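**Student:** The opening residue of the sequence shown carries number 1 in this note's numbering; numbering runs sequentially from there.
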Amino acid sequence: MDKNNTNQGQTLFDEVIVDLLANLKERSRKIFVARFGLEGSDSQVLGAIGKRLGVTRERIRQIEKEGIKKIKKKVKSEKFEKIVSKVMAILEKEGGFCEKQYLSQQLDQRIGGRGENQLFLILSCAEGIGYRKGSVISKGFWFVKKSINDREVVNTHRFVVRYLKKHLKPVSFDQLKTVVFSSPLGKWTKGNEQRLKNILAISRLVGCNILGQYGMKTWPIISQRGNRERAYLVLKKEGQPTHFRKITQKINEYFSGRKALPQTVHNELIKDERFVLAGRGIYALKEWGYSGNTVGEVIEQILATAGTPMTKDEIIERVLKVKRVKKMTILVNLADRKRFSKNKEGKYQKV
1 MDKNNTNQGQ TLFDEVIVDL LANLKERSRK IFVARFGLEG SDSQVLGAIG
51 KRLGVTRERI RQIEKEGIKK IKKKVKSEKF EKIVSKVMAI LEKEGGFCEK
101 QYLSQQLDQR IGGRGENQLF LILSCAEGIG YRKGSVISKG FWFVKKSIND
151 REVVNTHRFV VRYLKKHLKP VSFDQLKTVV FSSPLGKWTK GNEQRLKNIL
201 AISRLVGCNI LGQYGMKTWP IISQRGNRER AYLVLKKEGQ PTHFRKITQK
251 INEYFSGRKA LPQTVHNELI KDERFVLAGR GIYALKEWGY SGNTVGEVIE
301 QILATAGTPM TKDEIIERVL KVKRVKKMTI LVNLADRKRF SKNKEGKYQK
351 V
């Protein structure tokens, strides 16, 4: 978004705000400017405004409520309707509701600070658009009154949280979709994936990791804090044994914040039992079946499990399933006469 478009958008908001407040008394205008942060400052609480003007917070609330009613009765300008029409189109596309900040970002002009505060007042005065205030568990969101019941959004979000807490492990979007769409609480979504995505977007409790898995933000695999957890997620995403330097590179690619260093990541891989050294500097996940033992120890385990002598090719095939090493390394270990011997058929067995 270039600077000229941003300035044009801000000018449009300025003009609409001036028009909306034109019929209010001077004191009411001052209250609206302070309450909604229309001049760029943070919006002020009722008590602070009342104290400055020498009236009670309830009187300020009453003036605000009466002012909104008066503005709603006023014939709106073409510019006002243009903004509202654009917002309605965005909301309809999003399934009828979306998170407050996301809505601002979807408008043609990038707005922040003053512009976002002005937009809040503009939409508060628009017919057909409602706002659900945020809480400790969810963010505030705008919704189309004729198609969305904000209570249903909140209740479905609570259902998702309860399900994840009971399930105790991350789930894919498709898994979550199946659960929500089949629930009585989720029927209002009418199979609309975007509605479920926006329920997840307004949540302060539910998060998504780089694997596209959803879970509670307090879970390490979702919060993705620390190099150990990030290395685990990188390997899961890569789906194969990876050198620790590439793991470090991917951590820095996928995650923001403090830059990860190869040696630091290497140390974390060594200390965590979920990772095994599958080759020279190459790490795999233990859950994949890879072994942290030496090649010689792996061969011994393979022969012991088989309970019968094995050919060279059979042993090589089995070893490569759990160790990322060269074939020559396996052959060198098989040549250790103190550990392995050949029978008359040329098959290997433990000494």
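Glycine is no exception: its CB is placed at the ideal position from the N, C-alpha and C atoms.
Keep in mind it's a predicted model, so treat the numbers as computed, not measured.
Pairs of beta-carbons, one from the stretch 119–138 and one from the stretch 223–235, closer than 8 angstroms: are there three or more?
**Tutor:** Result no; under three Cβ-Cβ pairs closer than 8 angstroms.
**Student:** Can you find the residues in the same chain that come closer than 7 angstroms, C-beta to C-beta, to Leu185, ignoring five residues on each side of it along the sequence?
**Tutor:** So the list reads Asn155, Thr156, Phe159, once near-sequence residues are dropped.
**Student:** Please report the straight-line C-alpha distance between Gly50 and Glu66, rounded to a whole angstrom.
**Tutor:** Whole-angstrom Cα-Cα distance: 16 angstroms.
**Student:** Can you tell me whether DSSP reads Thr311 as helix, strand or coil?
**Tutor:** Three-state DSSP puts Thr311 in coil, outside helix and strand.
**Student:** The beta strand (DSSP E) with Phe275 in it runs from where to where?
**Tutor:** Its beta strand (DSSP E) spans residues 275–279.
**Student:** Can Ile60 and Phe141 be called in contact, C-beta distance under 8 angstroms?
**Tutor:** Against a cut-off of 8 angstroms, the Cβ pair of Phe141 and Ile60 comes out as no contact.
**Student:** List the DSSP bridge partners of Ser104.
**Tutor:** Ser104 pairs with nothing; no bridge assigned.
**Student:** Is Gly115 helix, strand or coil when you go by DSSP?
**Tutor:** Looking at Gly115 - three-state DSSP - the assignment turns out to be helix.
**Student:** Helix, strand or coil, according to DSSP, for Asn4 in the structure here?
**Tutor:** Here Asn4 scores only 49 on pLDDT, less than 50, and its place in the model should not be relied on; the value that follows carries that caveat. Three-state DSSP puts Asn4 in a helix.
**Student:** By the DSSP assignment, the alpha helix (DSSP H) with Tyr163 in it spans what residues?
**Tutor:** Its alpha helix (DSSP H) spans residues 150–167.
**Student:** Relative to the C-alpha of Leu320, which residue among Ala306, Ile302, Ala335 is closest?
**Tutor:** Considering only alpha carbons, the answer is Ile302.
**Student:** Which residues does DSSP pair with Met216 in a beta bridge?
**Tutor:** According to DSSP, Met216 bridges with Val206.
**Student:** My guess is that Val171 and Gln213 are in contact by the Cβ rule of under 8 angstroms, so how many angstroms apart are they, rounded?
**Tutor:** Their Cβ separation, rounded to whole angstroms, is 7 angstroms, which keeps Val171 and Gln213 in contact under 8 angstroms.
**Student:** Does the Cβ of Asn5 have 16 or more other Cβ atoms within 10 Å, making it buried, or fewer, making it exposed?
**Tutor:** The pLDDT assigned to Asn5 is 49, lower than 50, so where the model puts this residue is not dependable; a value taken from the coordinates is nonetheless given after this. Asn5 is exposed by the Cβ-count criterion.
**Student:** Express the C-alpha separation of Val351 and Arg337 in angstroms, rounding to a whole number.
**Tutor:** So the alpha carbons of these two residues sit roughly 8 angstroms apart.
**Student:** Is it right to say Gln45 is buried, meaning 16 or more other beta carbons lie within 10 angstroms of its own, or is it exposed?
**Tutor:** A small fix is needed here, since residue 45 is Val in this sequence, not Gln. Answer is exposed; the Cβ neighbour count stays below 16.
**Student:** Check whether the stretch 111–121 and the stretch 28–44 are in contact - that is, three or more C-beta pairs closer than 8 angstroms.
**Tutor:** Verdict: yes, contact present.
**Student:** Count the other CB atoms within 10 Å of the CB of Ala306; is the residue buried (16 or more) or exposed (fewer)?
**Tutor:** Ala306 is exposed by the Cβ-count criterion.
**Student:** Does DSSP put Glu99 in a helix, a strand or coil?
**Tutor:** Of the three classes helix, strand and coil, the one that applies to Glu99 here is strand, per DSSP.
**Student:** Give me the Cβ distance between Lys139 and Arg204, rounded to the nearest whole Å; I'm assuming they're in contact under 8 angstroms.
**Tutor:** Confirmed, about 6 angstroms.
**Student:** Quick one: residues in its chain with C-beta nearer than 6 angstroms to the C-beta of Gly37, no 5 flanking neighbours on either side, listed in chain order?
**Tutor:** Taken in chain order, the residues that qualify are Ser43, Asn117.
**Student:** Note down, in chain order, each residue of its chain lying with its Cβ closer than 6 angstroms to the Cβ of Lys250, except the 5 sequence neighbours on either side.
**Tutor:** These residues qualify, in order along the chain: Val234.
**Student:** Does Leu211 come out as helix, strand or coil in the three-state DSSP assignment?
**Tutor:** Three-state result, Leu211: coil.
**Student:** Quick one: residues in its chain with C-beta nearer than 6 angstroms to the C-beta of Thr56, no 5 flanking neighbours on either side, listed in chain order?
**Tutor:** Only Gly50 meet the Cβ criterion.
**Student:** Just the C-alpha distance for Phe340 and Thr178, rounded to the nearest angstrom, thanks.
**Tutor:** Whole-angstrom Cα-Cα distance: 54 angstroms.
**Student:** Please classify Arg337: does DSSP put it in a helix, a strand, or coil?
**Tutor:** DSSP places Arg337 in coil when its eight states are reduced to three.
**Student:** Return the Cβ separation of Ala231 and Glu268 in integer angstroms, given the expectation that the two are a contact with Cβ distance under 8 angstroms.
**Tutor:** Right, the Cβ-Cβ distance comes to about 6 angstroms (below 8 angstroms), so this counts as a contact.
**Student:** Could you check which residue in Leu211, Asn209, Asp174 has the C-alpha nearest to that of Glu193?
**Tutor:** If we check each option's Cα against that of Glu193, Asp174 comes out closest.
**Student:** What three-state label does DSSP hand Leu20 in the structure shown?
**Tutor:** Of the three classes helix, strand and coil, the one that applies to Leu20 here is helix, per DSSP.
**Student:** Identify every residue that forms a DSSP beta bridge with Tyr348.
**Tutor:** According to DSSP, which records beta bridges pairwise, Tyr348 is partnered with Met310, Lys342.
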